[in-house]
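Read the structure below first, then the notes.
In UniProt numbering, the protein residues as written are 1 to 164.
Laid out in structure tokens, this is it:
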């Protein structure tokens, strides 16, 4: 009698788990459909592809918002379109003339052979050819190049000032 009760209880628990699992999977599928519908283009793919596309699109929207707010604050009209470096999630401002000076995020040259490289590789090339342009590009991303000694000193100072 005791065994039959435990078998019934385990079957009920298993059935509840299966139902909750199906509900969870349905919610996840519904969420992915909603994410996919937010994209300006509908591209069928795996969940990983959809998430990557959504992340890239959010980055694009953040960059676009930043550029629009900068142009509104400075009174300049931005006539530049965006170029997406395929597969890397990096959007860059690009003027209508082919691969010339990029404005708005540091003034640096975008050579045609650098257009589809990782941002880190672009920074490396710019560091060799034009360190000031590389620094401006990094600053536009909220980053900065500092000597290791200075970075270590800043870290030590911030630890001594910010006592928990």
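We put the CB at the ideal spot given by N, CA and C, even for glycine. Predicted model, so just to flag it, every value in this text is computed and none were measured.
Residue 53 to residue 63, Cα distance in whole Å?
Here the alpha carbon of residue 53 sits roughly 15 Å from the alpha carbon of residue 63.
Helix, strand or coil: how does DSSP classify residue 11 here?
Secondary structure of residue 11 (DSSP, three-state): helix.
Secondary structure of residue 46, DSSP reduced to three states:
Looking at residue 46 - three-state DSSP - the assignment turns out to be coil, as it is neither helix nor strand.
Using the beta-carbon count (16 or more within 10 Å), is residue 79 buried or exposed?
The predicted model places residue 79 with a pLDDT of 46, which falls under 50 and marks its position as unreliable; any figure quoted below should be read in that light. It counts as exposed.
Where residue 133 falls, given that 16 or more other Cβ within 10 Å makes a residue buried:
Looking at its Cβ environment, which holds 16 or more other Cβ atoms inside 10 Å, residue 133 is buried.
Boundaries of the alpha helix (DSSP H) in which residue 40 is found, first to last residue:
No alpha helix (DSSP H) holds residue 40; DSSP gives it neither H nor E.
Would you report the Cα separation of residue 142 and residue 136, rounded to the nearest angstrom?
Cα-Cα distance, rounded: 10 Å.
Does DSSP put residue 67 in a helix, in a strand, or in coil?
Three-state result, residue 67: helix.
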